[in-house]
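Peer 1:
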Amino acid sequence: MLVSGCKKEIAQIYLEGGTAPTLSASVTGTIPLSFANQADPAIKLSWTNPNYRFTTGTSSQNVNYLLEIDTTGANFSNPSRQTISIAKDLSMTITHSQLNDYLLNQLVLKPKMPHNIEMRVKTSLGTNGAAALVSNVLKFTVTPYEIPPKVTPPPSGKLYIVGSATPGGWDNPVPDPAQLFTKVSETLYQITIRMVGGGSYLLLPVNGSWDAKYGGTGSNNANNVSGDDFKAGGGDLLAPAASGVYKIVVDFQRGKFTVTPQ
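Here the sequence shown stands for residues 9 to 270, where the numbers follow the working numbering.
(1) Contact check, His-104 vs Leu-41 under 8 Å by CB: the rounded distance?
(2) Determine the direct distance from the alpha carbon of Glu-154 to that of Gln-187, and round the result to whole angstroms.
(3) May I ask you to verify whether the segment 40 to 54 touches the segment 105 to 112, counting CB pairs closer than 8 Å and requiring at least 3?
(4) Using the three-state DSSP reduction, which class does Leu-107 fall into: helix, strand or coil?
(5) Indicate whether the contact test is met: 3 or more Cβ pairs, each with one atom in the segment 87 to 99 and one in the segment 232 to 243, closer than 8 Å.
(6) In whole angstroms, what is the alpha-carbon distance linking Ser-208 and Ser-132?
(7) Answer yes or no: do Lys-147 and Thr-80 have a C-beta to C-beta separation smaller than 9 Å?
(8) Quick check: what's the CA-CA separation for Asp-259 versus Asp-78?
(9) For Ala-173, which option in Val-192, Lys-96 and Val-233 has the closest C-alpha, if you only look at C-alpha atoms?
(10) May I have a chain-ordered list of the alpha helix (DSSP H) segments no shorter than 4 residues that lie completely inside the segment 91 to 136?
(11) Identify, in the order they occur along the chain, each residue of the same chain with its Cβ nearer than 8 Å to the Cβ of Gly-252, setting aside the five sequence neighbours on each side.
(12) Rank Thr-200, Val-145, Val-192 and Thr-149 by C-alpha distance to the C-alpha of Lys-120 and give the top, closest one.
(13) Quick one, which of Gln-46, Arg-262, Val-192 and Phe-62 has its alpha-carbon nearest Gln-20's?
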């Protein structure tokens, strides 16, 4: 007796493509920013659905949207560009305060000066950025306004470093001027110093006093050793693992510090 069988054909589903989103805005040219209107909308951005298509028809999957803001000429390759993830929505309103914060604290642009910026939207499917499409680019001129520093600078006008990561250890007062920062501006301090790998440190506004200090925003030694946020009264900061000479830059305007090997 002869027995025969057959295999059931399984339909394969393929992505056929989509249409790059079209980005539009409620304002053109110059985006006026004002501290007095900080809670008001500065710009509303809208974009079209890319309508991803599969062999079975238009996709019903949720589309991921990523708004990018960068300076003109950087071609959205600036590591400090502002990126904002948006789920499903086809529009976003940005307030004066939000956009000003993006410009000052993310793009690190100087206040009270006009700057040229660009915006675009990228779309994708899934969690791995599949089937990415990019919108047209909108260009704007914007002048960020000055805001109070995120962390109040030392009233003393001085900043010192103390701790086991420093040559002077935890002894306070510290060696001066060896562990005294250079004041670059009212909100920016920097020092180049040899650090002990894996040690801890704090920043002091007054040499010889523990009454005030600057440190990490989390628990002791929980910071990113290459740079992080900081605050007044914060916890101990952890130095990089390798001993060596490092440049430390403390930016009170942004509430951030960086530690760079030299």
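Every residue, glycine too, gets a C-beta built ideally from N, C-alpha and C. These numbers were taken from a predicted model, which means no experiment stands behind them.
Peer 2: In brief:
(1) In the sequence shown, residue 104 corresponds to position 96, counting from 1. In the sequence shown, residue 41 corresponds to position 33, counting from 1. Right, the Cβ-Cβ distance comes to about 5 Å (below 8 Å), so this counts as a contact.
(2) Taking the sequence shown and counting its residues from 1, one reaches residue 187 at position 179. Taking the sequence shown and counting its residues from 1, one reaches residue 154 at position 146. So the two alpha carbons sit approximately 30 Å from each other.
(3) yes
(4) If you number the sequence shown from 1, residue 107 lands on position 99. Looking at Leu-107 - three-state DSSP - the assignment turns out to be helix.
(5) no
(6) Residue mapping note: residue 208 aligns to position 200 of the sequence shown, counting from 1. Residue mapping note: residue 132 aligns to position 124 of the sequence shown, counting from 1. Going by the C-alpha atoms only, they are around 43 Å apart.
(7) Along the sequence shown, one-based indexing puts residue 147 at 139. Along the sequence shown, one-based indexing puts residue 80 at 72. Contact: yes.
(8) Working through the sequence shown from its first residue, we reach residue 259 at position 251. Working through the sequence shown from its first residue, we reach residue 78 at position 70. Each residue's Cα considered, the two are about 21 Å apart.
(9) As a first step, residue 173 must be located in the sequence shown, where it is residue number 165. Looking at the Cα atoms, Val-233 is the closest of the given residues.
(10) If we require 4 residues or more, the alpha helix (DSSP H) runs fully inside the segment 91 to 136 come out as 104 to 109.
(11) Position 244 of the sequence shown, counted from the start, is the residue given in the question as residue 252. Excluding positions up to five away in sequence, the list reads Arg-202, Met-203, Gly-205, Pro-269 and Gln-270.
(12) Stepping through the sequence shown from its first residue, residue 120 is reached at position 112. The option with the nearest alpha carbon to Lys-120 is Thr-149.
(13) Here residue 20 refers to the residue found at position 12 of the sequence shown. The shortest C-alpha to C-alpha distance from Gln-20 to any of Gln-46, Arg-262, Val-192 and Phe-62 is the one to Phe-62.
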